[in-house]
Amino acid sequence: MEGWDKLNNSKLLSDIWFKANTKPCPKCNVLIEKTKGNKRIVCRCSYIFCWDCMKDWKMHDENPHFFCTTPENERESLLESVKAIDFIEYKNQCSSHLDYHKKLVAQARKQLAEIHQKIDAYKQYNKCDDITAEFIRDCAATLVKCREFLLNSTILGFFSKTSKAKEFFDYQQKELQMSIEYLSKLMELPTAQIERMEMMHINTISIQHLEKLIKNFAEDGLERLQESEQLKQLKNEITIQWQ
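Written out as C-alpha coordinates, the structure is:
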(Lines of atoms letter the chains of each structure in order from A and count residues from 1; the text may use other names and numbers.)
(Lines give C-alpha, C1' and ligand atoms only; values in the text may rest on other atoms or scores of the structure.)
Protein backbone atom coordinates (compact mmCIF):
# COMPACT_ATOMS: atom_id res chain seq x y z
CA MET A 1 0.00 0.00 0.00
CA GLU A 2 2.87 2.35 0.84
CA GLY A 3 4.49 1.74 -2.54
CA TRP A 4 1.22 2.53 -4.32
CA ASP A 5 0.77 5.75 -2.38
CA LYS A 6 4.34 6.80 -3.21
CA LEU A 7 3.65 6.06 -6.86
CA ASN A 8 0.57 8.28 -6.89
CA ASN A 9 2.20 11.06 -4.85
CA SER A 10 5.42 11.20 -6.87
CA LYS A 11 6.24 12.71 -10.26
CA LEU A 12 6.61 9.23 -11.74
CA LEU A 13 3.51 9.26 -13.93
CA SER A 14 4.04 12.78 -15.24
CA ASP A 15 7.65 11.94 -16.03
CA ILE A 16 6.60 8.76 -17.82
CA TRP A 17 4.10 10.76 -19.86
CA PHE A 18 6.76 13.34 -20.63
CA LYS A 19 9.12 10.61 -21.76
CA ALA A 20 6.49 9.02 -23.99
CA ASN A 21 5.45 12.26 -25.68
CA THR A 22 8.60 14.37 -25.77
CA LYS A 23 11.72 13.78 -27.84
CA PRO A 24 14.68 15.91 -28.92
CA CYS A 25 14.99 16.98 -32.52
CA PRO A 26 17.66 14.74 -34.14
CA LYS A 27 19.25 17.83 -35.69
CA CYS A 28 19.10 20.68 -33.15
CA ASN A 29 18.23 18.69 -29.98
CA VAL A 30 15.42 21.02 -28.94
CA LEU A 31 12.70 19.12 -27.05
CA ILE A 32 9.49 18.60 -29.02
CA GLU A 33 6.20 17.53 -27.47
CA LYS A 34 3.98 15.47 -29.73
CA THR A 35 0.34 16.47 -29.27
CA LYS A 36 -1.26 15.05 -32.42
CA GLY A 37 -1.36 11.68 -34.16
CA ASN A 38 0.77 12.65 -37.14
CA LYS A 39 4.18 10.96 -37.20
CA ARG A 40 5.62 13.62 -39.52
CA ILE A 41 7.28 16.17 -37.26
CA VAL A 42 8.49 19.57 -38.40
CA CYS A 43 10.94 21.19 -35.98
CA ARG A 44 11.35 24.96 -35.69
CA CYS A 45 14.81 24.46 -37.20
CA SER A 46 12.94 23.25 -40.32
CA TYR A 47 14.19 19.70 -39.98
CA ILE A 48 11.46 17.16 -40.85
CA PHE A 49 11.66 13.72 -39.29
CA CYS A 50 9.67 10.63 -38.32
CA TRP A 51 8.52 10.52 -34.71
CA ASP A 52 8.79 6.72 -34.52
CA CYS A 53 12.28 6.12 -35.89
CA MET A 54 13.66 9.68 -35.51
CA LYS A 55 15.09 9.53 -39.04
CA ASP A 56 14.85 12.04 -41.88
CA TRP A 57 11.32 12.06 -43.28
CA LYS A 58 12.74 11.85 -46.79
CA MET A 59 13.14 8.15 -46.14
CA HIS A 60 9.35 7.91 -45.93
CA ASP A 61 8.46 10.20 -48.84
CA GLU A 62 7.11 7.32 -50.91
CA ASN A 63 4.73 6.37 -48.13
CA PRO A 64 1.45 8.27 -48.66
CA HIS A 65 -0.10 7.12 -45.38
CA PHE A 66 2.58 8.53 -43.07
CA PHE A 67 3.46 5.35 -41.21
CA CYS A 68 6.98 4.36 -40.32
CA THR A 69 8.52 1.65 -42.51
CA THR A 70 11.62 1.30 -40.35
CA PRO A 71 11.77 -2.13 -38.62
CA GLU A 72 10.68 -1.88 -35.00
CA ASN A 73 14.02 -3.16 -33.68
CA GLU A 74 15.68 -0.15 -35.34
CA ARG A 75 13.40 2.42 -33.72
CA GLU A 76 15.38 3.70 -30.79
CA SER A 77 12.58 5.39 -28.85
CA LEU A 78 9.31 3.82 -29.93
CA LEU A 79 9.47 0.82 -27.60
CA GLU A 80 9.98 2.98 -24.52
CA SER A 81 7.13 5.26 -25.54
CA VAL A 82 4.70 2.40 -26.04
CA LYS A 83 5.70 0.85 -22.72
CA ALA A 84 5.22 4.15 -20.94
CA ILE A 85 1.75 4.67 -22.40
CA ASP A 86 0.77 1.07 -21.63
CA PHE A 87 2.04 1.57 -18.09
CA ILE A 88 -0.13 4.63 -17.55
CA GLU A 89 -3.23 2.93 -18.98
CA TYR A 90 -2.66 -0.13 -16.81
CA LYS A 91 -2.10 2.05 -13.75
CA ASN A 92 -5.41 3.82 -14.36
CA GLN A 93 -7.22 0.48 -14.61
CA CYS A 94 -5.66 -0.64 -11.34
CA SER A 95 -6.68 2.64 -9.71
CA SER A 96 -10.33 1.92 -10.54
CA HIS A 97 -10.08 -1.58 -9.08
CA LEU A 98 -8.31 -0.20 -6.04
CA ASP A 99 -11.03 2.39 -5.38
CA TYR A 100 -13.64 -0.36 -5.67
CA HIS A 101 -11.85 -2.58 -3.13
CA LYS A 102 -11.35 0.36 -0.74
CA LYS A 103 -15.10 0.92 -0.68
CA LEU A 104 -15.70 -2.77 0.01
CA VAL A 105 -13.22 -2.71 2.90
CA ALA A 106 -14.93 0.36 4.38
CA GLN A 107 -18.34 -1.31 4.08
CA ALA A 108 -17.09 -4.53 5.71
CA ARG A 109 -15.53 -2.63 8.62
CA LYS A 110 -18.74 -0.66 9.15
CA GLN A 111 -20.77 -3.86 9.09
CA LEU A 112 -18.48 -5.48 11.68
CA ALA A 113 -18.72 -2.42 13.93
CA GLU A 114 -22.52 -2.62 13.86
CA ILE A 115 -22.83 -6.42 13.85
CA HIS A 116 -24.19 -6.55 17.42
CA GLN A 117 -27.51 -5.30 16.06
CA LYS A 118 -27.80 -8.23 13.68
CA ILE A 119 -26.71 -10.66 16.40
CA ASP A 120 -29.34 -9.33 18.81
CA ALA A 121 -32.04 -9.60 16.14
CA TYR A 122 -30.99 -13.18 15.34
CA LYS A 123 -31.00 -14.17 19.04
CA GLN A 124 -34.43 -12.68 19.57
CA TYR A 125 -35.93 -14.30 16.46
CA ASN A 126 -34.41 -17.75 17.10
CA LYS A 127 -34.52 -17.54 20.90
CA CYS A 128 -30.90 -18.65 21.17
CA ASP A 129 -27.87 -17.73 23.29
CA ASP A 130 -24.74 -15.70 22.50
CA ILE A 131 -22.63 -18.72 21.54
CA THR A 132 -25.15 -19.90 18.94
CA ALA A 133 -25.33 -16.45 17.35
CA GLU A 134 -21.58 -15.77 17.44
CA PHE A 135 -21.17 -17.18 13.91
CA ILE A 136 -22.56 -13.89 12.57
CA ARG A 137 -19.68 -11.95 14.10
CA ASP A 138 -17.22 -14.55 12.78
CA CYS A 139 -18.57 -14.12 9.25
CA ALA A 140 -18.36 -10.33 9.48
CA ALA A 141 -14.76 -10.55 10.71
CA THR A 142 -13.89 -12.92 7.84
CA LEU A 143 -15.29 -10.43 5.35
CA VAL A 144 -13.06 -7.69 6.75
CA LYS A 145 -9.94 -9.88 6.61
CA CYS A 146 -10.65 -11.06 3.07
CA ARG A 147 -11.58 -7.60 1.79
CA GLU A 148 -8.37 -6.17 3.24
CA PHE A 149 -6.31 -8.94 1.68
CA LEU A 150 -7.88 -8.41 -1.75
CA LEU A 151 -7.22 -4.69 -1.49
CA ASN A 152 -3.51 -5.29 -0.92
CA SER A 153 -3.27 -8.13 -3.43
CA THR A 154 -4.64 -5.79 -6.10
CA ILE A 155 -1.63 -3.57 -5.48
CA LEU A 156 0.65 -6.61 -5.47
CA GLY A 157 -0.72 -7.59 -8.87
CA PHE A 158 0.15 -4.15 -10.24
CA PHE A 159 3.80 -4.56 -9.28
CA SER A 160 4.05 -8.23 -10.32
CA LYS A 161 5.44 -9.69 -13.50
CA THR A 162 3.36 -11.92 -15.77
CA SER A 163 4.17 -15.54 -14.98
CA LYS A 164 2.63 -18.91 -14.16
CA ALA A 165 2.90 -18.00 -10.49
CA LYS A 166 0.99 -14.77 -11.15
CA GLU A 167 -1.72 -16.67 -13.06
CA PHE A 168 -2.09 -19.14 -10.17
CA PHE A 169 -2.21 -16.28 -7.67
CA ASP A 170 -4.91 -14.54 -9.74
CA TYR A 171 -6.91 -17.76 -9.90
CA GLN A 172 -6.79 -18.16 -6.12
CA GLN A 173 -7.84 -14.53 -5.72
CA LYS A 174 -10.91 -15.12 -7.88
CA GLU A 175 -11.84 -18.17 -5.83
CA LEU A 176 -11.60 -16.09 -2.66
CA GLN A 177 -13.57 -13.25 -4.18
CA MET A 178 -16.41 -15.53 -5.29
CA SER A 179 -16.74 -17.10 -1.86
CA ILE A 180 -16.80 -13.80 0.03
CA GLU A 181 -19.26 -12.26 -2.43
CA TYR A 182 -21.59 -15.13 -1.62
CA LEU A 183 -20.90 -14.74 2.09
CA SER A 184 -21.61 -11.02 1.81
CA LYS A 185 -25.00 -11.74 0.19
CA LEU A 186 -25.86 -14.15 2.99
CA MET A 187 -24.93 -11.49 5.54
CA GLU A 188 -27.38 -9.07 3.93
CA LEU A 189 -30.35 -11.41 4.26
CA PRO A 190 -33.18 -10.52 6.67
CA THR A 191 -32.88 -12.21 10.05
CA ALA A 192 -35.70 -14.67 9.30
CA GLN A 193 -33.87 -15.94 6.19
CA ILE A 194 -30.45 -16.50 7.76
CA GLU A 195 -29.30 -20.12 7.51
CA ARG A 196 -26.70 -20.68 10.22
CA MET A 197 -25.12 -23.84 8.77
CA GLU A 198 -24.86 -22.41 5.26
CA MET A 199 -23.20 -19.21 6.48
CA MET A 200 -20.77 -21.15 8.63
CA HIS A 201 -19.92 -23.40 5.65
CA ILE A 202 -19.23 -20.48 3.28
CA ASN A 203 -17.28 -18.73 6.03
CA THR A 204 -15.05 -21.82 6.39
CA ILE A 205 -14.49 -21.99 2.62
CA SER A 206 -13.56 -18.30 2.52
CA ILE A 207 -11.07 -18.74 5.35
CA GLN A 208 -9.53 -21.72 3.56
CA HIS A 209 -9.08 -19.72 0.36
CA LEU A 210 -7.54 -16.86 2.31
CA GLU A 211 -5.15 -19.17 4.17
CA LYS A 212 -4.03 -20.77 0.89
CA LEU A 213 -3.25 -17.37 -0.57
CA ILE A 214 -1.38 -16.25 2.54
CA LYS A 215 0.58 -19.52 2.66
CA ASN A 216 1.51 -19.30 -1.02
CA PHE A 217 2.54 -15.69 -0.63
CA ALA A 218 4.53 -16.33 2.56
CA GLU A 219 6.43 -19.33 1.19
CA ASP A 220 7.60 -18.13 -2.20
CA GLY A 221 5.18 -15.50 -3.39
CA LEU A 222 7.60 -12.64 -2.90
CA GLU A 223 10.25 -14.40 -4.96
CA ARG A 224 7.97 -15.56 -7.76
CA LEU A 225 5.71 -12.51 -7.87
CA GLN A 226 8.60 -10.16 -8.50
CA GLU A 227 8.35 -6.62 -9.70
CA SER A 228 7.61 -6.54 -13.41
CA GLU A 229 10.55 -5.94 -15.73
CA GLN A 230 8.52 -3.25 -17.47
CA LEU A 231 8.15 -1.22 -14.29
CA LYS A 232 11.79 -1.76 -13.37
CA GLN A 233 12.94 -0.50 -16.75
CA LEU A 234 10.70 2.54 -16.64
CA LYS A 235 11.86 3.46 -13.16
CA ASN A 236 15.50 3.09 -14.17
CA GLU A 237 15.08 5.05 -17.38
CA ILE A 238 13.51 8.09 -15.76
CA THR A 239 15.95 7.85 -12.83
CA ILE A 240 13.39 8.48 -10.13
CA GLN A 241 13.84 7.14 -6.63
CA TRP A 242 10.55 6.31 -5.04
CA GLN A 243 11.59 3.91 -2.34
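Residue 120 in full-length UniProt numbering sits at position 120 of the sequence shown; the count goes up by one each step and never skips. Every residue gets a Cβ at the ideal spot worked out from N, C-alpha and C, and that includes glycine.
Where does R40 fall in DSSP's three states? On the sequence shown, residue 40 is found 40 positions in, with the first residue counted as 1. DSSP places R40 in strand when its eight states are reduced to three.
Kindly list the residues whose CB is nearer than 6 Å to the CB of E148, restricted to its own chain and excluding five residues on each side of it in sequence; keep chain order. Within the sequence shown, numbered from 1, the residue matching residue 148 stands at position 148. V105, listed in sequence order.
Residues near I214 in its chain [Cβ-Cβ closer than 8 Å; skip 5 each side]: The residue labelled residue 214 in the question sits at position 214 within the sequence shown. So the list reads F149, once near-sequence residues are dropped.
My output table needs one value for D52: the three-state DSSP class, helix, strand or coil. The sequence position of residue 52 within the sequence shown is 52, counting from 1. D52 falls in the coil class under three-state DSSP.
What number of angstroms, rounded off, separates the C-alpha of Q111 from the C-alpha of F168? The residue labelled residue 111 in the question sits at position 111 within the sequence shown. The residue labelled residue 168 in the question sits at position 168 within the sequence shown. So the alpha carbons of these two residues sit roughly 31 Å apart.
Roughly how many angstroms lie between the CA atoms of K170 and Q177, to the nearest whole one? Counted from its first residue, the sequence shown places residue 170 at position 170. Counted from its first residue, the sequence shown places residue 177 at position 177. Note on identity: in this sequence residue 170 is Asp, with Lys being the wrong assignment. For D170 and Q177, the distance between alpha carbons rounds to 10 Å.
When you compare each of T142, K164 and I115 to S179 by their alpha carbons, which one comes out closest? Here residue 179 is taken as the residue at index 179 of the sequence shown, counted from 1. Measuring from the Cα of S179, the nearest candidate turns out to be T142.
From D138 to H97, what distance separates their C-alpha atoms? Numbered from 1 along the sequence shown, position 138 holds the residue referred to as residue 138. Numbered from 1 along the sequence shown, position 97 holds the residue referred to as residue 97. Answer to the nearest angstrom: the Cα atoms are 26 Å apart.
Considering only the beta carbon of each residue, do A113 and S184 sit closer than 9 Å? Numbered from its first residue, the sequence shown carries residue 113 at position 113. Numbered from its first residue, the sequence shown carries residue 184 at position 184. Judged by beta-carbon spacing, S184 lies beyond the 9 Å limit of A113, meaning their Cβ atoms are not closer than that value.
Over what stretch of residues does the alpha helix (DSSP H) that includes T204 continue unbroken? Translated into positions along the sequence shown, residue 204 becomes position 204. Where T204 is concerned, the enclosing alpha helix (DSSP H) stretches over R196 to N216.
Please determine, among D56, V30, M200 and M54, the residue with the shortest C-alpha to C-alpha distance to A140. Locating residue 140 in the sequence shown gives position 140, where the first residue counts as 1. Distances from the alpha-carbon of A140 to those of D56, V30, M200 and M54 put M200 closest.
Cβ shell of Y125 (< 7 Å), same chain only, five flanking positions each side left out: Translated into positions along the sequence shown, residue 125 becomes position 125. If we look at Y125 and ignore the five residues flanking it on each side, its Cβ neighbours are T191 and A192.
Looking at the secondary structure, which residues open and close the beta strand (DSSP E) in which L31 lies? Here residue 31 refers to the residue found at position 31 when the sequence shown is read from its first residue. Where L31 is concerned, the enclosing beta strand (DSSP E) stretches over L31 to E33.
In the structure shown, what three-state DSSP assignment does K102 receive? Here the question's residue 102 lines up with position 102 in the sequence shown. Reduced to three states, the DSSP call for K102 is helix.
What span of residues does the beta strand (DSSP E) with K118 cover, start to end? Here residue 118 corresponds to residue number 118 of the sequence shown, with the count starting at 1. It is not in any beta strand (DSSP E) - K118 instead sits in the alpha helix (DSSP H) that spans I115 to N126.
Taking 9 Å as the threshold (C-beta atoms), are Y122 and I131 in contact? By 1-based counting over the sequence shown, the position of residue 131 is 131. By 1-based counting over the sequence shown, the position of residue 122 is 122. 9 Å or more divides the Cβ of I131 from the Cβ of Y122.
Can you name, in chain order, every residue of its own chain whose Cβ lies under 7 Å from the Cβ of V144, other than the five neighbours on each side? Position 144 of the sequence shown holds residue 144. If we look at V144 and ignore the five residues flanking it on each side, its Cβ neighbours are A108, R109 and L112.
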